[in-house]
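Inspection log for the structure reproduced underneath, given as structure tokens.
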Amino acid sequence: MNPQAKLIFTISLLLGTAITTSSNHWIMAWAGLEINTLAILPLISKSHHPRAIEAATKYFLVQATASTLLLFSSMTNAWYTGQWDITQLTHPISCLILTSAIAMKLGLVPFHFWFPEVLQGAPLTTGLLLATVMKFPPITLFFLTSHSLNPTLLTCMAILSAALGGWMGLNQTQIRKILAFSSIAHLGWMTIIISFDPKLTLLNFYIYSLMTAATFLALNSIKALKLTTLMTTWTKTPSLNAMLFLTLLSLAGLPPLTGFLPKWLIIQELTKQSMAPAATVISLLSLLGLFFYLRLAYCTTITLPPHTTNHMKQWHTNKPTHITIAILTTLSTMLLPISPLIYPLS
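Counted the way mature numbering (1 follows the signal peptide of the UniProt record, and there is no 0) counts, the sequence shown spans residues -23 to -1, 1 to 323.
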């Protein structure tokens, strides 16, 4: 892709995100979401592969539908209350439509169907944007309207997302699809707590973005798209694979690592809100995700060649990203001891 075009699309992405996150008016928030959608489409389809074109088409159709629902929700609320302010969403039908629209934007169950397919068709760097940056504006709208939304509906969607994200990721061999289902499961954790402590949702999103960025950049550096490719990378870049191993365990939420922090705080808050059964169910469902993270970690570090898998060896790596990966991996594995400082800042 032309560097000037890539620069324009990147600036448009940042502009759309900034407009949505800083706006008080529904029309401005909608405009920012539309700018975001139009800016990411060329980045998804830049390889001109039929799979990439299909992914871009699916993404456009789903995001256009979600934006239409969001606009319809805000117009319905304005019709009944006369308010266009984002925080003044009070009409129950508007709240229900908005929940559906944001769930579609994020990829929450039952509107998750598009996300694994789009991530599979996009390059790894664009996949990173789809899994982190593109989810920030809808999460912000969730945050601003959390007091108006139905907690029971959100809890049901969250538990279903955690269940489906863990269950569907078990049988995958494509790394991007595994990370897509991982994202759906993490969104379940963010959604279940948003009605009770919205700041915890944002903290979870920030930490998830850190860990996902480290994972995607490491995979992009070793050019791994399938588990079979991942099996032979240890002899090529052992230090990078060791960092990827730790990051995957952190994504799984194992206690000594950063990924345990949001899960711990969410379970604590749910227990305080007399939702111990929901906390127990979502904790047990996270074990499904733990299985496929351990499978990825096993392929990354413990499987050593020679073995019988037939594939083409890839020798070259991208050197400049290693410092970034090192910083992100450090943050995504070692923040737990300073958690008393992190939570008040959020």
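Note that beta-carbon positions come from the ideal geometry of N, C-alpha and C, so glycine has one too.
Sheet register partners of residue i (DSSP bridge)
{"i": "Q151", "result": "K203"}
{"i": "H2", "result": "D62"}
Span of the alpha helix (DSSP H), counted from its first residue to its last, around residue i
{"i": "M311", "result": "299 to 311"}
{"i": "S(-2)", "result": "-21 to -2"}
{"i": "L228", "result": "215 to 229"}
{"i": "P114", "result": "113 to 122"}
{"i": "T235", "result": "No alpha helix (DSSP H) contains T235, which DSSP labels as neither H nor E."}
{"i": "S251", "result": "Taken as a continuous stretch (DSSP letters only), S251 belongs to no alpha helix (DSSP H), as it is neither H nor E."}
{"i": "G146", "result": "It is not in any alpha helix (DSSP H) - G146 carries neither H nor E in the DSSP assignment."}
{"i": "I315", "result": "Here I315 belongs to no alpha helix (DSSP H), and DSSP marks it neither H nor E."}
{"i": "L23", "result": "Just to set this straight, residue 23 is Lys in the shown sequence, not Leu. Here K23 belongs to no alpha helix (DSSP H), and DSSP marks it neither H nor E."}
{"i": "L101", "result": "101 to 108"}
Cβ-based neighbour list, residue i, same chain, cut-off 7 Å, excluding 5 preceding and 5 following
{"i": "V258", "result": "I136"}
{"i": "T42", "result": "M81"}
{"i": "G142", "result": "F158, S159, I161, A162, G165, G266"}
{"i": "V39", "result": "M81, W91"}
{"i": "T102", "result": "N197"}
{"i": "I244", "result": "A256, S260"}
{"i": "L126", "result": "C72, T76, S172"}
{"i": "I203", "result": "Correcting the residue identity first, residue 203 is Lys in this sequence and not Ile. Closer than 7 Å at Cβ, skipping near neighbours: T150, Q151, I152."}
{"i": "A191", "result": "T224, I302, L305, T306, S309"}
{"i": "L316", "result": "For clarity, residue 316 is Ser in the given sequence; the question names Leu instead. Correct list, in chain order: L238."}
{"i": "F268", "result": "L147"}
{"i": "N218", "result": "T210, W211, T277, T278"}
{"i": "L48", "result": "W7"}
{"i": "A201", "result": "I152, L207, T210"}
Same chain, Cβ closer than 6 Å to residue i, five either side skipped, listed in chain order
{"i": "S186", "result": "T109"}
{"i": "P115", "result": "I79, K82, L83"}
{"i": "Q149", "result": "I155"}
{"i": "S(-1)", "result": "A6"}
{"i": "M145", "result": "F158"}
{"i": "A140", "result": "L262"}
{"i": "F88", "result": "A80, M81"}
{"i": "P175", "result": "F120, S123"}
{"i": "V95", "result": "A32, K35, Y36"}
{"i": "K240", "result": "G230"}
{"i": "L221", "result": "A195, T277"}
{"i": "H2", "result": "W61"}
{"i": "Q250", "result": "F173"}
{"i": "L271", "result": "none"}
Cβ neighbours of residue i in the same chain (closer than 8 Å, five flanking residues each side left out)
{"i": "I(-5)", "result": "M5, A6, A8, G9, I12"}
{"i": "F37", "result": "T14, L18"}
{"i": "I319", "result": "L180, L238, L312"}
{"i": "residue 354", "result": "The displayed coordinates of the chain run from -23 to 323. Any statement about residue 354 would go beyond what the structure contains."}
{"i": "N295", "result": "Legend: pLDDT at N295 = 49, less than 50; position of this residue unreliable, value from coordinates given subsequently. If we look at N295 and ignore the five residues flanking it on each side, its Cβ neighbours are N197, S198."}
{"i": "F182", "result": "K112, F113, I116, M167"}
{"i": "F193", "result": "L101, T102, G104, L105, A108, L156"}
{"i": "N68", "result": "At residue 68 the sequence reads His, which differs from the Asn that was named. Excluding positions up to five away in sequence, the list reads T53, N54, Y57, T58."}
{"i": "I184", "result": "T235, G236, L238, P239, S309, L312"}
{"i": "A253", "result": "L247"}
{"i": "Q65", "result": "N54, T58"}
{"i": "L273", "result": "I152, I155, L204, L207, L225"}
Test: residue i CB closer than 9 Å to a CB of chain C
{"i": "S(-2)", "result": "Within the model displayed, chain C is absent; a lone protein chain is all it includes."}
Is the number of C-beta pairs between the segment 308 to 320 and the segment 193 to 213 that are closer than 8 Å three or more? As far as the Cβ criterion goes, the segment 308 to 320 does not touch the segment 193 to 213, which means the pair count is below three.
Touching or not, the segment 263 to 279 and the segment 224 to 237, by the rule of three or more beta carbon pairs under 8 Å? The segment 263 to 279 is in contact with the segment 224 to 237.
Contact between the segment 50 to 57 and the segment 23 to 30: three or more CB pairs below 8 Å? With the cut-off at 8 Å, the segment 50 to 57 and the segment 23 to 30 do not touch.
Where in the segment 41 to 90 do unbroken runs of the beta strand (DSSP E), each at least 3 residues long, occur, reported from the N-terminal end onward? Qualifying beta strand (DSSP E) stretches: none in this window.
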